[in-house]
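Written out below as structure tokens is the structure these notes cover.
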Amino acid sequence: MKFKDNLPDKYKSKIVTVGYLETHDDHKARLELEFENGMKLTIYDVPKQEYLKLNSCKYGWEYYFADTIYPNYKDQIEMIKN
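Quick note: the sequence shown uses UniProt numbering, first residue 1, plus one each step.
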């Protein structure tokens, strides 16, 4: 798999699961990603629309993450497991 040059090396791994939790009284909306290399990320305040676009991207999750999610939400990424 070829990854975009703008993506840090630690994110250049296949995404194996994607989850989304909508905003609720006790938590913010968040996108959760798990990578083949074992890394897990939570990205806060990602609109549901982005999650839907990620899931429907014909080029795959990795492409949409590198092209849209990472550049627009990189300051909201929390690494859960490295």
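We put the CB at the ideal spot given by N, CA and C, even for glycine.
*Could you give the uninterrupted runs of the alpha helix (DSSP H) lying entirely in the region 2-74, keeping only those of 4 residues or more?*
Correct list: 48-56, 61-64 and 70-73.
*Rounded separation between Lys58 and Leu52 - CA only*: Numbered from its first residue, the sequence shown carries residue 58 at position 58. Numbered from its first residue, the sequence shown carries residue 52 at position 52. Rounded to the nearest angstrom, the gap between the Cα atoms of Lys58 and Leu52 is 12 Å.
*C-alpha distance - Gly19 paired with Leu33, whole-angstrom precision*: As a working mapping, residue 19 is identified with position 19 in the sequence shown. As a working mapping, residue 33 is identified with position 33 in the sequence shown. Going from the Cα of Gly19 to the Cα of Leu33 covers about 7 Å.
*To the nearest angstrom, how far is it from the Cα of Tyr73 to the Cα of Asp25?*
On the sequence shown, position 73 is the one that residue 73 refers to. On the sequence shown, position 25 is the one that residue 25 refers to. Cα to Cα, the separation comes out at about 22 Å.
*asked:* Give me the DSSP bridge partner(s) of Ile77.
replied: By one-based count along the sequence shown, residue 77 stands at place 77. Bridge pairing for Ile77: Ile43 [DSSP].
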